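Participant: First the structure, then my questions, so here it is.
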Amino acid sequence: MHVISGRRDPATSFPLTSSIDDDDERRRANRAVAVSAVGLALTGLIELAVAVVSGSAALLGDALHNLSDVTTSAVVFGGFRGSRGLASRRYPYGLERAEDLAGIGVALVIWASAIFAGVESVEKLLRHNPTRQVGWGIAAAVVGIVGNQLIARYKLTVGRRIQSSTLIADAKHSWLDGLSSTGALLGLCGVAVGWEWADGVAGLAVTGFICHVGWEVTTDIGQRLLDGVDPDVIDTAEAVAAETDGVLHAHARARWTGRTLRLEVEGWVDSDTTVAEADRIGRRVADRLSDRLPEMRSFTWAARSVAQDEC
Numbered sequence: 002m003h004v005i006s007g008r009r010d011p012a013t014s015f016p017l018t019s020s021i022d023d024d025d026e027r028r029r030a031n032r033a034v035a036v037s038a039v040g041l042a043l044t045g046l047i048e049l050a051v052a053v054v055s056g057s058a059a060l061l062g063d064a065l066h067n068l069s070d071v072t073t074s075a076v077v078f079g080g081f082r083g084s085r086g087l088a089s090r091r092y093p094y095g096l097e098r099a100e101d102l103a104g105i106g107v108a109l110v111i112w113a114s115a116i117f118a119g120v121e122s123v124e125k126l127l128r129h130n131p132t133r134q135v136g137w138g139i140a141a142a143v144v145g146i147v148g149n150q151l152i153a154r155y156k157l158t159v160g161r162r163i164q165s166s167t168l169i170a171d172a173k174h175s176w177l178d179g180l181s182s183t184g185a186l187l188g189l190c191g192v193a194v195g196w197e198w199a200d201g202v203a204g205l206a207v208t209g210f211i212c213h214v215g216w217e218v219t220t221d222i223g224q225r226l227l228d229g230v231d232p233d234v235i236d237t238a239e240a241v242a243a244e245t246d247g248v249l250h251a252h253a254r255a256r257w258t259g260r261t262l263r264l265e266v267e268g269w270v271d272s273d274t275t276v277a278e279a280d281r282i283g284r285r286v287a288d289r290l291s292d293r294l295p296e297m298r299s300f301t302w303a304a305r306s307v308a309q310d311e312c
């Protein structure tokens, strides 16, 4: 039996040789979300209490931003829970996109934090409200810096390990909180030396940091939802396929659904290639790509026959 010239063989999906344990990854993600939520709640409540006593706009914005992370942690947890849905006739790819949709929730909370922090900072500058208990405010800002950096590093490590753009976005949110705590600290130090306006200016700087990371997170999540991938993934897939014996030319497409990188390769083979041999070629392409693209979790191969002089 031969591949009909000019026609494409039915696409074939191959099981990959990777040793990814999805259940283990979900446990890691849920643990990271839970630990970060507790840590951020404690950090945010300490800062909020001191902010209310001191009247610091920068510290108040930072505290609210920390507490908003508890909300985003709940959103991320919901996304991971929802993505467990299995494939069906209505949802042939399953519900893995739920993780990406959770990323939208993270982005919205970040932008809401930016608006609130900006309004509070402007009011602080216009009304010239005094800042009290500066020493306690400085101590609370230091707690915010340390707590957020530890939590951000933890979530970022887990997010990269399991290829979760949503958890990485949440880690960036926590990292941002560390920067905003630094801004609040600088503002309070300015107040301590007699610059009453420093707290309001620091609050505006914190707002700027929030907007910057909000834009980054929104862009990353938007690319995932629009099926954007790193061009290097496509280049690598086409190069590896084209270098495989029996493949005359290759074209690749890829997209992310949650933590799953789905790769589709269309390979042109000689018109004399049998269906069985075309499948064996696809198996070799899949094996080689598993080594070069370890993040790939789904591979589909479609062979297309063509005469040598047509390629």
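First residue of the sequence shown: 2, per the numbering used here; consecutive thereafter. A virtual CB, placed ideally from N, CA and C, is assigned to each residue, including glycine. No experiment lies behind these values; they were computed from the predicted model shown.
Check residue 268 in the structure and name its three-state DSSP category.
Facilitator: If DSSP states are grouped into helix, strand and coil, residue 268 belongs with the strands.
Participant: Based on the DSSP secondary-structure assignment, which residues constitute the bridge partners of residue 34?
Facilitator: Beta-bridge pairing links residue 34 to no other residue.
Participant: Considering just the uninterrupted stretch of the alpha helix (DSSP H) at residue 251, what are its terminal residues?
Facilitator: Premise fails: residue 251 lies in the beta strand (DSSP E), 250 to 258, not in any alpha helix (DSSP H).
Participant: Put residue 303 into one of helix, strand or coil per three-state DSSP.
Facilitator: Strand.
Participant: Can you check whether the CB of residue 108 is closer than 8 Å to the CB of residue 215?
Facilitator: Their beta carbons are under 8 Å apart, which means residue 215 touches residue 108 by this criterion.
Participant: Write down every uninterrupted run of the alpha helix (DSSP H) in the stretch 150 to 210 whose length is 4 residues or greater and which is fully enclosed by it, in chain order.
Facilitator: You should have 166 to 193.
Participant: Can you name the residues that DSSP bridges to residue 285?
Facilitator: For residue 285, which the question treats as bridged, DSSP gives no partner whatsoever.
Participant: Between residue 64 and residue 265, what straight-line distance do the alpha-carbon atoms span, to the nearest angstrom?
Facilitator: Those two C-alpha atoms are separated by around 46 Å.
Participant: What residue from 71, 296, 30 and 253 has the CA that sits closest to residue 157's CA?
Facilitator: If we check each option's Cα against that of residue 157, 30 comes out closest.
Participant: Which one of 169, 147 and 258 has the shortest CA to CA distance from residue 226?
Facilitator: Checking every option, the nearest Cα to that of residue 226 belongs to 258.
Participant: Would residue 116 and residue 170 qualify as a contact pair, given that the criterion is a beta-carbon distance under 8 Å?
Facilitator: Not closer than 8 Å, so no.
Participant: Take the Cβ of residue 176 as the centre, count every other Cβ of all protein chains shown within 10 Å, and call the residue buried at 16 or more, exposed below.
Facilitator: Counting Cβ neighbours within 10 Å, residue 176 comes out buried, since at least 16 surround it.
Participant: Contact between the stretch 118 to 125 and the stretch 282 to 293: three or more CB pairs below 8 Å?
Facilitator: At 8 Å Cβ cutoff, the stretches do not touch.
Participant: Could you check the C-alpha separation between residue 139 and residue 164 for me, to the nearest Å?
Facilitator: Approximately 37 Å between the Cα atoms of the pair.
Participant: Quick one: grab the DSSP three-state call for residue 126.
Facilitator: Residue 126: helix per DSSP, three-state reduction.
Participant: Using a Cβ-Cβ cut-off of 6 Å (strictly less than) and excluding sequence neighbours within five positions of residue 69, which residues of its own chain qualify?
Facilitator: Excluding positions up to five away in sequence, the list reads 110 and 114.
Participant: Per DSSP, which residues does residue 262 bridge with? Please list them.
Facilitator: Per DSSP, 257 and 297.
Participant: Distance check for residue 301 and residue 255, CA to CA, integer angstroms please.
Facilitator: Approximately 10 Å, taken between the alpha carbons.
Participant: For the candidate residues 182, 239, 100 and 76, whose alpha-carbon lies nearest to that of residue 118?
Facilitator: If we check each option's Cα against that of residue 118, 182 comes out closest.
Participant: Determine the DSSP secondary structure at residue 62, reduced to helix, strand or coil.
Facilitator: Residue 62 falls in the helix class under three-state DSSP.
Participant: Take the Cβ of residue 228 as the centre, count every other Cβ of all protein chains shown within 10 Å, and call the residue buried at 16 or more, exposed below.
Facilitator: Classification for residue 228: exposed.
Participant: So the alpha helix (DSSP H) residue 239 belongs to, where does it begin and stop?
Facilitator: 232 to 243 is the span of the alpha helix (DSSP H), which, as asked, contains residue 239.
Participant: Residue 271 to residue 238, Cα distance in whole Å?
Facilitator: Straight-line Cα distance between these residues: approximately 20 Å.
Participant: Can you tell me whether residue 134 is helix, strand or coil according to DSSP?
Facilitator: Note: residue 134 maps to coil in three-state DSSP.
Participant: With burial defined as no fewer than 16 other Cβ atoms inside 10 Å of the residue's Cβ, what is the status of residue 269: buried or exposed?
Facilitator: Residue 269 should be labelled buried.
Participant: Tell me the DSSP secondary structure of residue 109 in three-state form.
Facilitator: Helix at residue 109.
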